[in-house]
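Going down the list, the protein sequences come from chains A and B. Using the working numbering, the letters of the first sequence map in sequence onto residues 5 to 123. Using the working numbering, the letters of the second sequence map in sequence onto residues 3 to 109. We treat Cβ as the ideally placed atom computed from N, Cα and C, and that holds for glycine. Report on the following structure.
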Amino acid sequence: QVQLQEAGPGLVRPSETLSLTCSVSGGSMTSYYWTWIRQSPGKGLEWIGYIYNSGATNYSPSLKSRVTISGDTSKNHFSLTLRYVTAADTAIYYCARGDTGLLDALDIWGQGTMVTVSS
Amino acid sequence: DIQMTQSPSSLSASVGDRVTITCRASQSISTFLNWYQQKPGRAPKLLIYAASSLPGGVPSRFSGRGSGTDFSLTINSLQPEDFASYYCQQSYSPPHTFGQGTKLEIK
């Protein structure tokens, strides 16, 4: 059974870089969309972007200038980098798997990790 | 970007009721529409994919319908564990945008 687990610092200073990793266990990373989503406190879900087969990426236009998603299938993990963070980037960050067999629905989610941007 | 508009934003209902949540896309998305359930402090869970298909383990009281721009999620005979927030999401074209969510509360 595939499981995802986010990891990274819980506190990031304004203007610095947020870096998170999602570890994939119990299955292959091949042929899925590995996706990052975030949720600001008390708010809805925001799609950040995905990486497919450790190669093709797609990002939300509102974050595109600051975000990079990378992957390493040999190590079974993928990562999120968000540069020049502000308080508006404070959120729970989730990683999830998009399954092409389910029309790219996000069928498996990590538990989420809270990131606070503050000095 | 494709905008997803959910309604209502909140809903009060009783155990045993039938409720329907709607989701409208700003352009046609065929059946690339997914529904997620989120309980407080938990990650979202896939409830319905491809507009009307249920993943294994999802109770049959949940159903989805629609295609093109208009979609709905219906919960028959509400159970106590169904009181949660629900989000639609389009996976037709990146960015795979979410609706703003519907909070289902106990009346």
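(message) Can you find the residues in the same chain that come closer than 8 Å, C-beta to C-beta, to H81(A), ignoring five residues on each side of it along the sequence?
(response) T25, C26, S27, V28 and G75
(request) Would you grab the beta carbon distance between D93(A) and V121(A) for me? Rounded to a whole angstrom, and I think it's under 8 Å. (result) In this structure D93(A) touches V121(A) by the C-beta definition: roughly 5 Å separates them, less than 8 Å.
(message) Cβ closer than 8 Å: which chain A residues qualify as neighbours of P97(B)?
(response) Correct list: W51, G53, N62, Y63, S64 and P65.
(request) Taking G103(B) as the reference, give the member of S9(B), F64(B), I4(B) and Q92(B) with the closest Cα. (result) S9(B)
(request) Indicate whether at least one CB of chain B lies closer than 8 Å to the CB of R38(A). (result) In the sequence on display, residue 38(A) carries Trp and not Arg. No, W38(A) does not count as interfacial toward chain B.
(request) Quick one: residues in its chain with C-beta nearer than 6 Å to the C-beta of E83(B), no 5 flanking neighbours on either side, listed in chain order? (result) none
(message) Alpha carbons only, please: which of T21(A), V16(A) and T85(A) is nearest the one belonging to I41(A)?
(response) Answer by Cα proximity: T85(A).
(request) Could you work out which residue in G59(A), W38(A), Y88(A) and G48(A) is closest to T99(B) when comparing CA atoms only? (result) G48(A)
(message) Taking the straight line between their C-alpha atoms, what separation do you get for D19(B) and S69(A)?
(response) 46 Å
(request) Along the beta strand (DSSP E) that carries N62(A), what are the first and last residues, could you check? (result) A60 to Y63
(message) Strictly below 7 Å CB to CB, what residues from chain A border D3(B)?
(response) P65
(request) Write down the C-beta distance between V21(B) and A15(B) rounded to the nearest angstrom, noting that I regard them as a contact closer than 8 Å. (result) Indeed they touch by this definition, with Cβ atoms about 5 Å apart.
(request) Take the Cβ of M118(A) as the centre, count every other Cβ of all protein chains shown within 10 Å, and call the residue buried at 16 or more, exposed below. (result) exposed
(request) Starting from L48(B), find everything on chain A with Cβ-Cβ shorter than 7 Å and list it in chain order. (result) A109, L110 and D111
(request) Check whether the Cβ of T24(A) lies closer than 8 Å to any Cβ atom in chain B. (result) Here the sequence assigns Leu to residue 24(A), which means Thr is not the residue at that position. Chain B, which has no Cβ nearer than 8 Å to the Cβ of L24(A), makes this no.
(request) Using 7 Å as the cut-off, classify the Cβ of L13(B) as near or not near the heavy atoms of the ligand ATP, replying yes or no. (result) As presented, the structure is devoid of all ligands, the ligand ATP included, so that no description of it is given.
(request) Return the CA-CA distance between K105(B) and Y63(A), expressed in angstroms with no decimal places. (result) 27 Å
(request) Using DSSP bridges, identify the partner residues of Q92(B). (result) L35(B)
(request) Sort out for me which residues DSSP pairs I50(B) with in a bridge. (result) W37(B)
(request) Specify the secondary structure class of L106(A) as computed by DSSP and reduced to three states. (result) helix
(message) Just checking: is the beta-carbon of L106(A) within a distance shorter than 8 Å of some beta-carbon in chain B?
(response) True, the Cβ-Cβ gap to chain B drops below 8 Å.
(request) Please determine, among G70(B), S65(B), A52(B) and P57(B), the residue with the shortest C-alpha to C-alpha distance to I4(B). (result) G70(B)
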